Amino acid sequence: MSTFRALGDVADALQSSVKSDSSFRSVSTRVLLRTGVNLREPRPEQVKDPVAIGKVTTALADMGYAL
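In the working numbering, the protein residues as written are 70 to 136.
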């Protein structure tokens, strides 16, 4: 698992991992429902928040996307 400094980095890694925009949208919606963090349009205070990034990467790993 990589260390990410911003949610945009996580989103980019996920996009590369899933390879299709529809899959990315689906997974990012699931992340939003689990964590309250929107990968596509994160709130400004969450963009570089290590807690938000940790929640997202943990949720993704739980869903089988260890980035």
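Don't be surprised by glycine CBs; every beta carbon is placed ideally from N, CA and C. None of these values were measured; they are calculated from a predicted model.
Spatial neighbours of residue 84 in its chain, beta-carbon cut-off 7 Å, leaving aside the 5 residues before and after: 93
Cβ-Cβ distance between residue 106 and residue 125 below 7 Å: yes
Beta carbon of residue 120 nearer than 7 Å to that of residue 108: no
Per-residue burial, residue 149 [other beta carbons within 10 Å of its own, 16 or more giving buried]: No information on residue 149 is available, as it lies outside the stretch 70 to 136 that the chain covers here.
Residue 161 classed as buried or exposed, judged by whether at least 16 other C-beta atoms fall within 10 angstroms: The question about residue 161 has no answer here: the residues shown for the chain are numbered 70 through 136.
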